[in-house]
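One structure is given here, and the rest of the page talks about it.
Numbering (our numbering), first residue to last: 273 to 395.
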């Protein structure tokens with residue numbers, strides 16, 4: 273999880289510098305806000321998968337309920353967070369959504385690269 277968060281932080285910093293060089297620094301807060309929503313989504317993914325795994329050990333049905341409630345929570349946080357950025361904070365849409373999508377893409381890529389130690393011996 274630490275490697276995932278570090279890769280997301282490094283990607284956000286690189287994207288922010290590129291945005292500042294190529295674009296306008298006024299879009300930087302919107303990109304940081306969107307990226308922070310993406311990181312929050314990653315943390316919620318970890319939390320919901322841990323809860324689902326521990327619940328599935330006792331009862332598979334409870335594991336499914338925990339997994340689906342985690343999905344609902346993640347998407348609700350993402351949608352409400354983006355709407356808050358649009359409506360209340362009046363942030364630019366493109367850099368905010370770009371930062372959010374960048375963090376989700378980095379999460380997917382890093383999760384395919386990082387595997388637990390017990391699975392590495394099978395490779």
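Every residue gets a Cβ at the ideal spot worked out from N, C-alpha and C, and that includes glycine.
For residue i, which residues in the same chain have their Cβ closer than 7 Å to its Cβ, ignoring the five residues on either side in sequence?
i	result
residue 385	none
From the DSSP output, in three-state form, read off residue i for me.
i	result
residue 331	coil
residue 381	helix
residue 296	coil
residue 395	With a pLDDT of only 49 at residue 395, under the threshold of 50, the placement of this residue in the model should not be trusted; the figure read from the coordinates follows. The answer is coil: DSSP assigns residue 395 none of H, G, I, E or B.
residue 345	helix
residue 361	coil
CB residue i to CB residue j, shorter than 8 Å?
i	j	result
residue 354	residue 311	no
residue 284	residue 307	yes
residue 342	residue 305	no
Excluding five sequence neighbours on each side, which residues of the same chain lie with their C-beta closer than 8 Å to the C-beta of residue i?
i	result
residue 346	313, 316, 317 and 320
Please go through the same chain and pick out, in chain order, the residues whose beta-carbon is closer than 6 Å to the beta-carbon of residue i, but skip the five residues on each side of it.
i	result
residue 367	299, 302 and 303
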